[in-house]
Amino acid sequence: MTSSIPVVRPAIISVLKNSAGLIAISHDSDNKAPVYSMRGVPQGLAPPYTVVRSLQSAPPLDPRSASSFTLRAQELLLTLDTWSSFDGPDESEAMHKAIFDALDEQEENIQALLTGFTCTWCLFDTNDQIEDESTNIRLFHGVERYRLRTEAI
Numbered sequence: 027m028t029s030s031i032p033v034v035r036p037a038i039i040s041v042l043k044n045s046a047g048l049i050a051i052s053h054d055s056d057n058k059a060p061v062y063s064m065r066g067v068p069q070g071l072a073p074p075y076t077v078v079r080s081l082q083s084a085p086p087l088d089p090r091s092a093s094s095f096t097l098r099a100q101e102l103l104l105t106l107d108t109w110s111s112f113d114g115p116d117e118s119e120a121m122h123k124a125i126f127d128a129l130d131e132q133e134e135n136i137q138a139l140l141t142g143f144t145c146t147w148c149l150f151d152t153n154d155q156i157e158d159e160s161t162n163i164r165l166f167h168g169v170e171r172y173r174l175r176t177e178a179i
């Protein structure tokens with residue numbers, strides 16, 4: 027079975043870079059939201075920005091679908107990190123809302139960018155907002171998780 031991860035990761039990045047909600051919070055010179063893969067974050071980048079940390083295969087949410095998991099379908103766990111240096115949690119919470127609006131039950135946004143796979147669902151899983159006081163910059167670190175189901179065409 028071919029993994030959908032190599033085509034889903036750039037699709038997620040594209041969807042988020044073009045999210046009106048994230049662009050309203052911060053955008054680059056191309057008028058895109060600052061969204062990066064884990065290894066693509068520019069050195070010394072100031073918050074706010076979003077990082078696609080990991081995308082991994084996960085056990086099926088429905089154990090009855092286990093046989094299809096080995097054939098054509100894959101259930102994926104997407105982990106995103108958001109970073110904000112705004113004084114207070116408002117910006118971090120706004121980033122969460124923008125990401126939620128762009129991804130939760132918006133599988134058609136991802137599907138439009140995939141080749142060789144369909145995205146049958148994308149659902150919010152968890153969100154943590156953590157105040158990071160380990161530096162002289164007051165950072166808010168958000169950790170977002172979404173579950174996706176893809177199927178080979």
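So for the sequence shown, my numbering puts the first residue at 27; every next one is plus one. Glycine included, C-beta positions come from ideal geometry on N, C-alpha and C.
His122 is classed as buried because its beta carbon has at least 16 other beta carbons within 10 Å across all chains shown. With respect to Val33, Thr141 sits close: the two C-beta atoms are nearer than 8 Å.
Pairwise C-beta distances place the region 163-178 in contact with the region 127-144, as three or more of them are shorter than 8 Å. When DSSP reads this structure, His122 sits in no beta bridge, so it has no partner.
For Ile156, the uninterrupted beta strand (DSSP E) run begins and ends at Phe143 to Asp158, by DSSP. Looking at the DSSP output, Val77 bridges to Tyr62 and Asp107. Cα atoms of Ile156 and Ala138: separation of roughly 33 Å, rounded to the nearest angstrom. With respect to the C-alpha of Thr152, the residue from Asn135, Ser160, Trp109 and Leu103 having the closest C-alpha is Leu103. In terms of Cβ geometry, Ser118 and Gly66 do not form a close pair [threshold 8 Å]. Following the DSSP letters along the chain, one finds Val34 inside the alpha helix (DSSP H) bounded by residues Ile31 to Lys43. In the three-state DSSP reduction, Glu131 falls in the coil class, being neither helix nor strand.
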